[in-house]
Amino acid sequence: MLKKRLLLIPVMLLLFVLSANSATKPFTLCIDAGHGGKDTGALGKMSKEKTLTLRYALAFGRIIEQNCPDVKVIYTRKTDRFLELWQRAEIANNAKADLFVSVHINALPRGHVSRGYQTYTLGRSRRDGNTHGFEENLEVAKRENAVILYEDNYQEHYEGFDPNSPESNILFELIQDKNMEQSISLAKFMQQQICAATGRQNKGVHQDNLAVLRKASMPACLMELGFISTPDEEQFLNSDRAVSQYSRGFYNAFVAYKNKVTGRKSVYNPLPQLPIGQEKPVEPEIQEKQEAPAVPELSADTVDSPVFKVQILANATKLKKNSPLLKGCQDVDYYQENGMYKYTIGSSTDYMTIYRLRKELLTKFPQAFIIAFRGGVKMDVNEARKMKNKK
């Protein structure tokens, strides 16, 4: 008994070092768009699960990248390609991600109807109740966190500690327990914030023996955004308004989770909730009309120099100047792309001018992001910035 207690000391030291190492590296979020390529996922009357998951995964990543510059976002896929389940978690493991979120769309057999948002974490399946998923996840935790056991002067620093002994399992079980605890915490934030932002029915946090989760060595959850098999819910999931609302809820849940697990308040505040409308966005009952922040305007896009703008929204039909979707902003321009009318504010060859403009517009348009044109043709923003810097 004394020997086991003594062996617990280096175990706790190892756990402390692991925590210290995670505190010094940038926070990394891995977002997984479920299905892809030959795996279409669930099919609705107007869309495929693989298409919707990619659209939402990219939107979730973009709102974090735009508002949390110190957070590194990685994606398992950014195009329509097929990945094995183990490959998705392995991407997060290799990147030493702090959080793994897999995006999915739910479905029921023909003749059944359901609506709402739900989140899954790793746990015993209600179907079989076995613990195989926990055992496999523990082995993943051992493999991914065992690097500390092979550092220089290992024997000197951790004398008496055998990584292959039964006592060493205590360390990895503690890591696994912490991951499980944080996964549930994240799932609760997701349910609370996403349902508040979208008005979707709260179908609760669930546990299941899901392969993509048991392969992850960090806190992880799987999102089921809604039911593609229910016509009105599928139509909502395909709307720009839904992408904006889900993204807002995802961002607020992420900020709440990050504040909690890092033990300190983040510099990033939650985005304010907007009133929920079933058919169209609902404006606040009392809202002062505000002009868009002034920025230097250009008479036309120049051929030689990239021009930056802030895109505030996209719509399937052309909006009137007094549309409530524009929220009282004037001097709004638009361009057409992929059958959509995409609306912008501001136009400048100075990136920082547009960067500041976007920050001012975020209270009205939290989904706003910067785009770039050259000679009237849309181009990659990073390439545009590189081009400006070279000049």
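Residue 723 in the working numbering sits at position 58 of the sequence shown, with consecutive numbering throughout.
Note that beta-carbon positions come from the ideal geometry of N, C-alpha and C, so glycine has one too.
Here the structure is a predicted model, which means the values were calculated and not measured.
Residue pairing of K974 in beta bridges, as defined by DSSP: I1036. Spanning the alpha carbons of T741 and K1024 requires a straight line of approximately 29 angstroms. Secondary structure note for M1017: its alpha helix (DSSP H) is the uninterrupted segment 1016-1026. Boundaries of the beta strand (DSSP E) around K868: 867-873.
Contact annotation: the segment 843-859 does not touch the segment 715-724, with fewer than three C-beta pairs closer than 8 angstroms. A757 sits away from F854, with the two beta carbons spaced by 8 angstroms or more. Under the 10 Å beta carbon count, V870 is surrounded by 16 or more other beta carbons and is classified as buried. Judged by their CB atoms, A862 and G781 are not nearer to each other than the 8 angstroms cut-off. Rounded to whole angstroms, L990 and L1027 show a C-alpha spacing of 14 angstroms. By the Cβ test, the segment 772-788 is not in contact with the segment 721-738, since fewer than three Cβ pairs between them sit closer than 8 angstroms.
Here L890 carries a strand assignment [DSSP, helix/strand/coil]. With a contact defined as Cβ atoms closer than 8 angstroms, Y916 and I729 qualify at about 6 angstroms. Taking the CA atoms as reference points, Q866 sits about 37 angstroms from K690.
Taking 8 angstroms as the cut-off, the Cβ atoms of E899 and G1041 do not count as close. Burial is judged here by how many other beta carbons sit within 10 angstroms of a residue's own beta carbon; G891 has at least 16 and is buried. When only Cα atoms are considered, M883 and L764 end up about 6 angstroms apart. Taken atom to atom, the span from the alpha-carbon of N987 to that of S767 is near 39 angstroms. With contacts defined as CB atoms closer than 8 angstroms, A1037 and V975 fail to qualify as a contacting pair.
When secondary structure is reduced to three states using DSSP, N771 falls in the strand class. Within the same chain, Cβ atoms closer than 8 angstroms to the Cβ of E755 are found at K880, the five residues on either side in sequence being excluded.
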